[in-house]
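Numbering (the working numbering), first residue to last: 54 to 635. In what follows, a structure is listed as structure tokens, so that the remarks can point back to it.
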Amino acid sequence: MPDTEKDSTALDNPVKNESASSLDFIRAIIAEDLKAGKNNGRVATRFPPEPNGYLHIGHAKSICLNFGIAAEHPGGTCNLRFDDTNPTKEDVEYVESIKEDIKWLGFDWGDRLFYASDYFEQLYQYAVQLIKAGKAYVCDLSPEEIRNTRGTLTEPGQNSPYRNRSVEENLELFERMRAGEFEDGSRVLRAKIDMASPNLNMRDPTIYRIRRVTHHRTGNKWCIYPMYDFAHCLSDSIEGITHSICTLEFENNRPLYDWFLNELNVKCHPRQIEFARLNLSHTVLSKRKLHELVEGGYVSGWDDPRMPTLAGLRRRGYTPEAIRNFCDRIGVAKRDSLVDIALLEYYLREDLNKRAPRVMAVLRPLRVVIDNYPEDQVEELVAENNPEDPSMGSRKIPFSRILYIEQEDFREDPPKKFFRLAPGREVRLKHAYYIKCTDVVKDKDSGQIVELHCTYDPATRGGWSSDGRDVKGTLHWVSAAHSIPAEVRLYDHLFIKENPNEVEPGHDFKDYLNPNSLEILTSCRVEPSLASAKPGSRYQFLRLGYFCLDPVDSVNGLLVFNRTVGLRDSWAKIEKAQGGKG
RNA sequence: UGCAGGAUCGGCUAAUGGUAGGCCAGAUGACUCUGGAUCAUCCAGUCCAGGUUCGAAUCCUGGUCCUGCAGCCA
Numbered sequence: 054m055p056d057t058e059k060d061s062t063a064l065d066n067p068v069k070n071e072s073a074s075s076l077d078f079i080r081a082i083i084a085e086d087l088k089a090g091k092n093n094g095r096v097a098t099r100f101p102p103e104p105n106g107y108l109h110i111g112h113a114k115s116i117c118l119n120f121g122i123a124a125e126h127p128g129g130t131c132n133l134r135f136d137d138t139n140p141t142k143e144d145v146e147y148v149e150s151i152k153e154d155i156k157w158l159g160f161d162w163g164d165r166l167f168y169a170s171d172y173f174e175q176l177y178q179y180a181v182q183l184i185k186a187g188k189a190y191v192c193d194l195s196p197e198e199i200r201n202t203r204g205t206l207t208e209p210g211q212n213s214p215y216r217n218r219s220v221e222e223n224l225e226l227f228e229r230m231r232a233g234e235f236e237d238g239s240r241v242l243r244a245k246i247d248m249a250s251p252n253l254n255m256r257d258p259t260i261y262r263i264r265r266v267t268h269h270r271t272g273n274k275w276c277i278y279p280m281y282d283f284a285h286c287l288s289d290s291i292e293g294i295t296h297s298i299c300t301l302e303f304e305n306n307r308p309l310y311d312w313f314l315n316e317l318n319v320k321c322h323p324r325q326i327e328f329a330r331l332n333l334s335h336t337v338l339s340k341r342k343l344h345e346l347v348e349g350g351y352v353s354g355w356d357d358p359r360m361p362t363l364a365g366l367r368r369r370g371y372t373p374e375a376i377r378n379f380c381d382r383i384g385v386a387k388r389d390s391l392v393d394i395a396l397l398e399y400y401l402r403e404d405l406n407k408r409a410p411r412v413m414a415v416l417r418p419l420r421v422v423i424d425n426y427p428e429d430q431v432e433e434l435v436a437e438n439n440p441e442d443p444s445m446g447s448r449k450i451p452f453s454r455i456l457y458i459e460q461e462d463f464r465e466d467p468p469k470k471f472f473r474l475a476p477g478r479e480v481r482l483k484h485a486y487y488i489k490c491t492d493v494v495k496d497k498d499s500g501q502i503v504e505l506h507c508t509y510d511p512a513t514r515g516g517w518s519s520d521g522r523d524v525k526g527t528l529h530w531v532s533a534a535h536s537i538p539a540e541v542r543l544y545d546h547l548f549i550k551e552n553p554n555e556v557e558p559g560h561d562f563k564d565y566l567n568p569n570s571l572e573i574l575t576s577c578r579v580e581p582s583l584a585s586a587k588p589g590s591r592y593q594f595l596r597l598g599y600f601c602l603d604p605v606d607s608v609n610g611l612l613v614f615n616r617t618v619g620l621r622d623s624w625a626k627i628e629k630a631q632g633g634k635g
């Protein structure tokens, strides 16, 4: 029973074995810092998700980067820190899923699990310190007024009328904000920097707001919450992070990141480095859009196998190794790019080819009667589990007089280069016998082919012929009486458009959803060994692709397989080149 | 029109003043009990214009194009 795939690369060392000359720019910066003797030779990174959605493959890039870098340096560490400063959007469901996904990807934060909310008291004290230094003030302007006085990209903003409150007044007001004396939105704490700065982030940014919302960890202890820019740099500093790696859109926030740390004169001042986030073709990688797909019912949930979320990819049958190899290959740079999803699929196939046991399954069954095969005879034929890896052994599969083959493996009028079965033609049944088609039975009314009659050559048992005769085609098959029913879900790209983020005027990204991204086949027949398949286990259905037993919907003895990815199909290319299906 | 960034084969990414290389995709062939895998071959690039230099993807000058930023989101 081939239900255990090979754990092929699970023990691979995560350390990159690239030579020093081909370090990406972030690793090069870190190497320089080390060489310059910074941070006492320490390398400390962190992965800081906000628990407001599920992790996707773009996060995997960041996880591989941060955990990868830590692993490459002796004593290097990578913290998992939840950036939970906005309770209106966050939820424990997300923190649990995030932890599960990181573990599944193969990374371990050990005892280094933190929450920005752990630092709320410290952060508050830092804010007090800033007020005492005359570098922050309580502002009574409404959100609209703040926006209206911020200026524009080309014009400076105006100072708030509350900008010059005394330290004492600010201290008192801020304390009362914390005490809950003011309405939500009535006041904020702002950094006092420069309303004329060409960098909008420096125009007296808000650092605390009042929000009477229950926080998933601190409950109702707080009614004021720090903003990202304030909380993030200080959380990094508190944790002793040396290199704070984030995506490009935070480039303009770096001066603010540094400003807080400088003004507060902290001992640890991490270096923020920005890289380009991943974009993948034929999908979207923005939490907002992913939320929209989930909430709008366009997919079945965050773990819909069509989703680029780690939960979705896992359910689809992706392996952590494939995702990690992909992340290593795409590199790290500062230019925006759109990576072809074919590259991800390449690494998937590469990994699955090595580890997935082969089985036979017929998705669209066509009945075949072997006329010269004894009526009640059943043979057990030996089939290798993986030609790539003999150590995976073999299994027995039953052969009998009535079989199913794939409908598309027979053509009454075969086009050029079609090597499969046709009237009068002989093909090999994988691991079994050569068979020759002698008759085609059609439904009288519809003209549909309902059954084939064939003869087999007993001398070709096992699929070999001793007379030197060769056949062009080899088909997969199952014995009708012994095969078991299954449902198979065929997936295709979620979006029809290579880059769904590129929206034409008058359109929405959802207009580019692929209407054929899911096809459900309910009358499939699979070989009997699959009866004991375990949820989540992966197989190669011979000649078809890689499939994974769906862990959610395979209940009450019903087998539901997800197509993880198809095999490369050169016949499909030939056929396409010949001008469509015949 | 402000500020911050970025432009290398079709896609992704190396080369850090010295042979523009790799992977994916595509094409062709070999091999094969999976039209899978594997192997081989091919295709194909330095945004533009000047300059420095024996030598420039790399340095300088000037352009062009692209991305991000005006949340009490992160």
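Using N, Cα and C, we set each Cβ at its ideal position, and we do this for glycine too. Small disclaimer: the values here were computed from a predicted structure and weren't measured.
Reduced DSSP secondary structure (H/G/I, E/B, other) of L166: strand
Count the other C-beta atoms from every protein chain shown that fall within 10 angstroms of the C-beta of G106, then say buried if there are 16 or more, exposed otherwise. Buried is the call here.
In the DSSP assignment, find the unbroken beta strand (DSSP E) run with G619 in it and report its ends. 613-619
Unbroken stretches of the beta strand (DSSP E), 3 residues or longer, contained in the segment 269-357: 277-279, 296-300, 324-328
Look at the alpha carbon of I654 and the alpha carbon of E85, and state the distance between them as a whole number of angstroms. There is no way to answer for residue 654, as the model of the chain reaches only from 54 to 635.
Is the beta carbon of L183 closer than 8 Å to that of E327? no
With DSSP run on the structure shown, which of helix, strand or coil describes T513? helix
What residues match up with K470 in a beta bridge as DSSP calls it? DSSP, once it has assigned bridges, lists no residue as partnering K470.
Out of L309, T267, H269, L226, which one is the CA nearest neighbour of R256? L309
With H, G and I counted as helix, E and B as strand and the rest as coil, what does DSSP make of L528? When secondary structure is reduced to three states using DSSP, L528 falls in the strand class.
How many Å lie between K634 and K563 at the Cα? With a pLDDT of 45 at K634, under the threshold of 50, the predicted position of this residue should be treated as unreliable, and no value is reported.
Using the rule of at least 16 other Cβ atoms within 10 Å of the residue's Cβ for burial, across every protein chain shown, is A625 buried or exposed? exposed
Got a sec? Which residues, its chain only, sit under 6 Å from R464 by beta carbon, not counting five neighbours each side? F471, A475
So what does DSSP say about E134, is it helix, strand or coil? Glu is not the amino acid found at residue 134; the sequence shown has Arg there. Three-state DSSP puts R134 in a strand.
Using the C-alpha atoms, what's the distance from M445 back to Y426? 31 Å
Can you tell me where the beta strand (DSSP E) with Y190 in it begins and where it stops? Unbroken beta strand (DSSP E) run through Y190: 189-192.
Mapping the DSSP letters down to three states, classify E174 as helix, strand or coil. E174: helix per DSSP, three-state reduction.
Candidates P127, E125, P101, of which the one nearest S115 by Cα: Ranked by how close their Cα comes to the Cα of S115, the residues P127, E125, P101 have P101 in first place.
What are the uninterrupted segments assigned as beta strand (DSSP E) that are 3 or more residues long and contained completely in the segment 195-267, given in chain order? 241-244, 259-263
Taking the alpha carbon of V613 as the reference point, which residue from R596, T575, E437, E459 has its own alpha carbon closest? T575
Coarse secondary structure for Y107, derived from DSSP in three states: coil
By how many angstroms is the C-alpha of L434 removed from the C-alpha of A414? 16 Å
Span separating the alpha-carbon of L416 from that of P196: 59 Å
Comparing C-alpha positions only, which one of H560, L620, P553, V608 sits nearest to L333? P553
So R388 is in the alpha helix (DSSP H); what residue range does that whole segment cover? Annotation: R388 is outside any alpha helix (DSSP H) and is labelled neither H nor E by DSSP.
In terms of alpha-carbon separation, which member of G526, K449, G589 lies closest to R473? G526
Runs of 4 residues minimum, wholly inside the segment 380-461: which ones carry the alpha helix (DSSP H) assignment? Whole alpha helix (DSSP H) segments, 4+ residues: 394-408.
Taking the alpha-carbon positions, what's the K152 to L363 distance? 11 Å
Could you check where the beta strand (DSSP E) with G598 kicks off and where it finishes? 598-602
Name the residue from P440, I110, E432, W162 whose alpha carbon lies nearest to the alpha carbon of F452. E432
When the Cα atoms are used, what is the spatial distance from G589 to G121? Straight-line spacing of the CA atoms in G589 and G121 works out to 27 Å.
Could you pull out every residue in the same chain whose Cβ sits closer than 6 Å to the Cβ of L346, ignoring the five residues on either side in sequence? V352
Which partner residues of P538 appear in the DSSP bridge assignment? R578
Using the Cα positions of Y399 and G238, report the straight-line distance between them to the nearest angstrom. Looking at the backbone, the Cα of Y399 and that of G238 are separated by about 51 Å.
Applying the criterion that 16 or more other CB atoms from any shown protein chain within 10 Å of the CB defines a buried residue, is G187 buried or exposed? exposed
Pick helix, strand or coil for Y487, following the three-state DSSP scheme. strand
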